[in-house]
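Reviewing the structure listed below.
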Amino acid sequence: MLSTKTRRRTGAAALAAALTATALAGCSTGGGSDDANVLTVATNGGDAMKAVIAAFEEANPGVTVEVRDSPENYQQVTATQLTGGTAPDVIQVFPGTGNNVSVKIAGDKGFLLDVSDADWADTVPESSRDLLTTDDGALVAVPMTFSSIGGIYNQGALDELGLTAPATWTEVLQFCTDAAEAGKVAYGLGLSDTWTTQLIPYALTATLVYAEDPDFAQHQVEGTATFADSPWQTALEQYVEMNDAGCFNESPNGTPYSEVQDAVRSGDTLATVSVAAENSTIAAGGPEGLELTYAAFPATDDPADTFLSATTGPSFAVNAATDKTDLAKEFLAFLAEPETQIAYADRYGDTAALPGDMAQDSAVAQLVTGYVNEGRVASWPDQLWPSTTVQPALFDGVQAVFSGQSTPADVLATMDQAFHE
Amino acid sequence: MMPIKSRSAKPVRTAGIKPPVWFLAPAVLLYLAIVLIPNGQGLFFSFTDWDGLGSTWAPVGIDNYRAVLSDPNSLQAILNTFMLTLIVTIGQNVIGLLLALGVNSRVKSRHLLRLVFFLPVVLTPIVAGYLWKYLLTPNGTLNGLLESTGLGAWRQNWLGDPEIVLYSICAAVIWQGAGYSMVIYLAGLQAVPAEALEAAAIDGAGAARRTWSITLPLINGAIVVNLLLCVIGNLKQFDTVFSMSEGGPSGASETMATIVYKTAFTYLEYPNALAQGAILTLLVGVIGFVQFRLTQRKALA
């Protein structure tokens, strides 16, 4: 308690100093810069942007790109800056709906510049276009990467047991049985970190719901579809079925995700369903020679049905209030070039959104690009949910199902209610 | 304050001079800018439908408060907060007092023990929370320890079972706070005159009797301070809960502070979060005030 108080005082003192400094510097220094040759870019953590700006500065002598990074509280910081008119010239935005710095919220309120007429606009794949377009039909952002959800398998551990990554739902359950017989956990599940609750449902609904009806969210808005009365029910039941079949570690609700990462590294757990970028994260902390295989997670017994749950990752838009429109648009065009895309995606640890004719080296990127080219991808559902309470309802619901307090039907009813809040 | 008077030196002539009122200005300005104005704005926007982006909003009266108070999750969080505060306040003070009595005796290792018991206080709560989280996983240290000592039947899903999670968090909070209470009690105990205890001992009072009839009444001040700090601190409990369970599983360990955070930064329902914050502030204020009044009267009696 003492420490909290002291900390708060120190914080207040620091804030006071910062306030004074701001006051002295005047109000002109917001996110933008007074210098016509300085372009400011807001990023939400990571250093992928810093890996590509040198090439832009080289191609545009005299121009400096300043990255303003906010790894924490990015949405709050940027929403406040947009409101106050002090946001950087180019800002990272989130595809679809979901928060105040997302395309369909900030874009619809007129905070992002319409770039529909850019040369690169035609290269944006169909699966990203809607997420980056406002409800008025204006394309406002350039996508940088595709993030996806799939099974991440410890290949060495699989080889030892003579198993392969399953390609159908029946094989998934068989895989669980085989793993259990060998004394291993098939799929690690760390629900104590709530964001992981959604991974398997998203992976399953890509095939079960969104492959069948890509406009499912729109139908929900119109009132012709609901979670409860859709294959979402099947997806959650299959989630429970996996649990009943002993696919997961003991009591997932009490297990942190980092413990799952470690168990996959050591091979005690054979696999986990997670986001693609986890391939590099898990590999980075693993033993020498750890080989991971990434595969789409099946939901039916026909491998041809399987859709990859993939979505547009970090995207960048021009702040409508900037006075450097041309330079900012030029920067977006630069971001859309295949070389930039691949440099960015490699550093980011995922798949480039607009690789053009170029190819990335990583196996993950090749798998994802394959699915994208075949049109077998379904966006993460939350990116088109109109209310921010649907996703937490799923998080809480999954935890409640795993502690035996709720059923898939109850969870979906709550999500339906949240959807129309 | 009185100036120190010295007979040899000339009296310093400061007693009659009052510092000018405008000396207060920097402090007042800072307090306005950092505390009063933002809080006032927060309170104001809790009566609007402002969504955090842009400057459009409309007044909605007490709708946000009504929504918060009719939301079962908020009510559960309020209930959890009271439970946690009650358990931690009792646990931390009983243990803190026992520790203080222990290390106040003439045990040889008392200096070392004081240090050891105080150590957890030095840890940042969020770090302590993460440590406990890993100790309490299904295959974590505690369950391993129980297994290896033949108490495998006592294994629990400490943070994953909605029936248990709140108590596990209470235990971690008590573990961290007991040393803090101990120090305050120790300060009180050191002020208890040895003569009084000796006299009682000569009169034939045993250790328990001496503690009950002499020590405890004499450290009333320490008890009041400890209870007050404990109650206020735990009504606002956030760090340990959030690092151990994020309020889960499915809201079973949500407190008022974690639900304010989630409403603002996960659900992005700023006006509702502001209303929750206002309710939390009001509760802490009222409970703290009432408790202070009650215990003050008792302390004076």
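Going down the list, the protein sequences come from chains A and B. Following our numbering, the numbering of the first sequence begins with 507 at its first residue and continues without gaps. Following our numbering, the numbering of the second sequence begins with 8 at its first residue and continues without gaps. Think of the CB as a built atom: it goes at the ideal place given N, C-alpha and C, for glycine as much as any other residue.
Listed along chain A, the residues sitting closer than 8 Å to Thr144 of chain B by beta-carbon distance are Ser698, Gly760, Thr761, Pro762, Glu765. Contact between Asp807 of chain A and Thr674 of chain A holds: CB atoms are separated by about 5 Å, below the 8 Å threshold. Not flagged as an interface residue toward chain A: Asp70 of chain B, since no C-beta distance is shorter than 8 Å. Contact note: Ser62 of chain B reaches chain A through Thr589, using a C-beta cutoff of 7 Å and chain order. With a contact defined as Cβ atoms closer than 8 Å, Leu166 of chain B and Gly760 of chain A qualify at about 5 Å. Val75 of chain B and Ile286 of chain B do touch by the CB rule: their CB atoms are close to 7 Å apart, below 8 Å.
If you look at Thr651 of chain A, you'll find it in the beta strand (DSSP E) that goes 651–660. Taking 8 Å as the CB threshold, Ser653 of chain A stays off the interface with chain B. Closest in C-alpha terms to Gln889 of chain A, from the list A:Thr589, A:Asp553, A:Asn605, comes A:Asn605. Listed along the chain, the chain B residues whose CB falls inside 7 Å of the CB of Ser757 of chain A are Pro145, Asn164, Gly167. Just measuring C-alpha positions, the residue of A:Val621, A:Leu637, A:Ala627, A:Glu564 sitting nearest Pro892 of chain A is A:Leu637.
Between the beta-carbon of Val547 of chain A and that of Val573 of chain A there is about 5 Å, and that keeps the pair under the 8 Å contact cut. Under the Cβ criterion of 8 Å, Ile597 of chain A is not counted among the residues facing chain B.
Put simply, the CB of Ser576 of chain A is far from chain B, with every gap to its CB atoms at 8 Å or more. Considering only beta carbons, the part of the segment 890–909 of chain A lying closer than 9 Å to chain B consists of Ser893, Thr894, Thr895, Gln897, Pro898, Phe901, Asp902, Gly903, Val904, Gln905, Ala906, Val907, Phe908, Ser909, in chain order.
In the pairwise beta carbon analysis, the segment 714–730 of chain A is classified as not touching the segment 695–702 of chain A: fewer than three pairs are separated by under 8 Å.
Residue contact check for Pro79 of chain B against chain A: no CB pair falls below 8 Å. With a threshold of 16 other beta carbon atoms within 10 Å, Phe837 of chain A meets it and is buried. Across the structure, Val238 of chain B and Ile24 of chain B are spaced so that their CA atoms are roughly 42 Å apart. In the structure shown, the three-state DSSP call for Ser634 of chain A is helix.
Straight through space, the alpha carbons of Phe249 of chain B and Phe52 of chain B are spaced by roughly 26 Å.
At a cut-off of 8 Å, the C-beta of Thr273 of chain B has a neighbouring C-beta in chain A. The Cβ atoms of Phe54 of chain B and Pro66 of chain B sit closer than 8 Å to each other. Two segments are said to touch when three or more pairs of C-beta atoms, one from each, lie closer than 8 Å; by this definition the segment 620–634 of chain A does not touch the segment 665–680 of chain A. Going by beta carbons, Phe245 of chain B and Ala264 of chain B fall inside the 8 Å limit.
When the beta-carbon positions are compared, Ala805 of chain A and Val874 of chain A stay at least 8 Å from each other.
Taking all protein chains in view, the Cβ of Gly792 of chain A is crowded by 16 or more other Cβ atoms within 10 Å, so the residue is classified as buried.
When DSSP states are grouped into helix, strand and coil, Ile294 of chain B belongs to the helix group.
With respect to the 8 Å criterion, Val172 of chain B and Pro278 of chain B are not classified as neighbours on the basis of their beta carbons. Using a 10 angstroms sphere on the CB of Pro758 of chain A, the tally of other CB atoms reaches 16 or more, which defines it as buried.
Just measuring C-alpha positions, the residue of A:Pro887, A:Thr831, A:Ala915, A:Glu756 sitting nearest Ser633 of chain A is A:Pro887. Counting only runs of 3+ residues, the beta strand (DSSP E) found wholly inside the segment 586–652 of chain A occupies 596–599, 647–649, in chain order. Under the Cβ distance rule, Glu154 of chain B does not count among the residues neighbouring chain A, no pair being separated by less than 8 Å. For the set A:Thr920, A:Asn749, A:Lys610, A:Tyr854, the Cα lying nearest the Cα of Thr787 of chain A is the one of A:Tyr854. Below the 7 Å Cβ cutoff, chain B contributes no neighbours of Gln923 of chain A, its closest Cβ being approximately 12 Å away.
When C-alpha distances from Ala612 of chain A are compared across A:Val630, A:Arg635, A:Ala585, the shortest belongs to A:Ala585.
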